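By our numbering, the letter at position 6 of the sequence shown is numbered 141, and the numbering carries on one by one without gaps. Glycine is no exception: its CB is placed at the ideal position from the N, C-alpha and C atoms. Since this is a predicted model, take the numbers as computed values, not measurements. Below: the structure, in structure tokens.
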Amino acid sequence: MNNLKKGILFATLFSALFFVSCSNDDDDDDLIGNWIKKSAFDGPARSSATSFVIGNYAYVATGYTGDVYLKDLWAYNSNGDYWEQKADFTGVGRSSASSFTLNEKGYIGLGYDGTNKLKDFYQYNPTSNTWTQKTDFAGTGRYGAVGFQAAGKAYFGTGYDGNYLKDFYQYDDQANTWTLVNGFSG
């Protein structure tokens with residue numbers, strides 16, 4: 136009989152804990168940690184695109200549809216929850232490009248056009264909605280590299296040029312120059 140009482144008590148406590156921990160559809164969707172569905176991307180479906188963020192806008196560019204290497208640019212307005220097409224990227228269509236944001240401008244370079252591993256490099260000005268070609272990347276043409284900004288300088292590194300790479304280059308937007316910096320060790 137004692138085991139029966141313990142079993143009933145355990146089942147009751149477990150059931151109570153289960154129902155208390157469950158959420159319902161009326162929960163706030165904007166709580167930290169919850170994913171919230173936003174406006175669907177208006178551009179064509181793609182893989183291997185690149186992106187950068189300036190202010191309240193997230194930009195998605197280039198990529199591969201399975202048939203075509205793209206050169207379009209789309210801006211997502213996070214305040215209005217909508218997508219808007221911007222000026223096409225002026226380099227060749229590509230996949231696996233790299234990007235970063237520096238001083239309120241977006242930068243895209245490198246990538247693969249179906250034949251070549253690329254090293255060209257471009258700046259996007261969101262105010263004028265224009266692209267400007269900059270000095271080519273100083274390393275080898277490659278795709279799948281990483282790009283980021285830190286302390287007022289930008290960096291591209293790693294990637295694949297026929298071999299997996301671990302080098303890094305620093306970009307100075309004022310001088311429009313690339314400098315080799317310490318890469319990954321090992």
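If you compare alpha carbons, which of the options is closest to residue i?
| i | options | result |
| --- | --- | --- |
| ASP207 | SER213, ALA180 and TYR217 | ALA180 |
| GLY297 | ALA184, GLY279 and TYR306 | GLY279 |
| LYS173 | GLY201, ILE189 and ASN214 | ASN214 |
| VAL188 | ASN212, ASP216, TYR295 and TYR217 | ASN212 |
| SER263 | TRP209, ASN169, GLY168 and ALA222 | ALA222 |
Excluding sequence positions up to five away, which residues of its chain have a Cβ less than 8 Å from the Cβ of residue i?
| i | result |
| --- | --- |
| PHE272 | GLY244, LEU245, LYS254, ASP255, PHE256, PHE291, TYR304 and TRP313 |
| LEU166 | none |
| ASP216 | LYS173 and SER174 |
Who does residue i pair with in a DSSP beta bridge?
| i | result |
| --- | --- |
| ASN260 | THR265 |
| PHE303 | GLY292 and VAL316 |
| GLU239 | In the DSSP output, where bridge partners are listed per residue, GLU239 has none listed. |
| TRP170 | The partner list for TRP170 (beta bridge, DSSP) is empty, contrary to what the question assumes. |
For residue i versus residue j, is the C-beta spacing smaller than 7 Å?
| i | j | result |
| --- | --- | --- |
| TYR199 | SER182 | yes |
| PHE283 | PHE235 | yes |
| THR265 | VAL281 | no |
Rounded to whole angstroms, what's the CA-CA distance from residue i to residue j? Just pull it up for me.
| i | j | result |
| --- | --- | --- |
| LYS240 | GLY287 | 12 Å |
| ALA310 | THR270 | 10 Å |
| TYR259 | GLY178 | 18 Å |
| THR196 | SER320 | Checking the sequence, you will find Ala at residue 196 rather than Thr. Approximately 31 Å, taken between the alpha carbons. |
| LYS301 | GLY276 | 14 Å |
| ASN191 | GLY318 | 32 Å |
| PRO261 | SER231 | 22 Å |
| ALA193 | SER233 | 15 Å |
| GLN268 | GLY201 | 27 Å |
| TYR242 | THR250 | 22 Å |
| TYR299 | ALA285 | 24 Å |
| PHE224 | TYR295 | 22 Å |
| TRP218 | GLY168 | 24 Å |
| TRP209 | GLY274 | 28 Å |
For residue i, which residues of its own chain have a beta-carbon under 7 Å away from its beta-carbon, when the five flanking residues on both sides are left out?
| i | result |
| --- | --- |
| ASN238 | ASP308 |
| ARG229 | THR197, TYR204, GLY246, TYR247, ASP248 and LEU253 |
| ALA184 | VAL195, ALA196, THR197 and GLY198 |
If you drop the 5 nearest sequence neighbours on each side, which residues of the same chain put their C-beta closer than 6 Å to that of residue i?
| i | result |
| --- | --- |
| GLY226 | ASP255 and TYR257 |
| VAL316 | PHE303 and GLN305 |
| ALA289 | PHE235, LEU237 and TYR306 |
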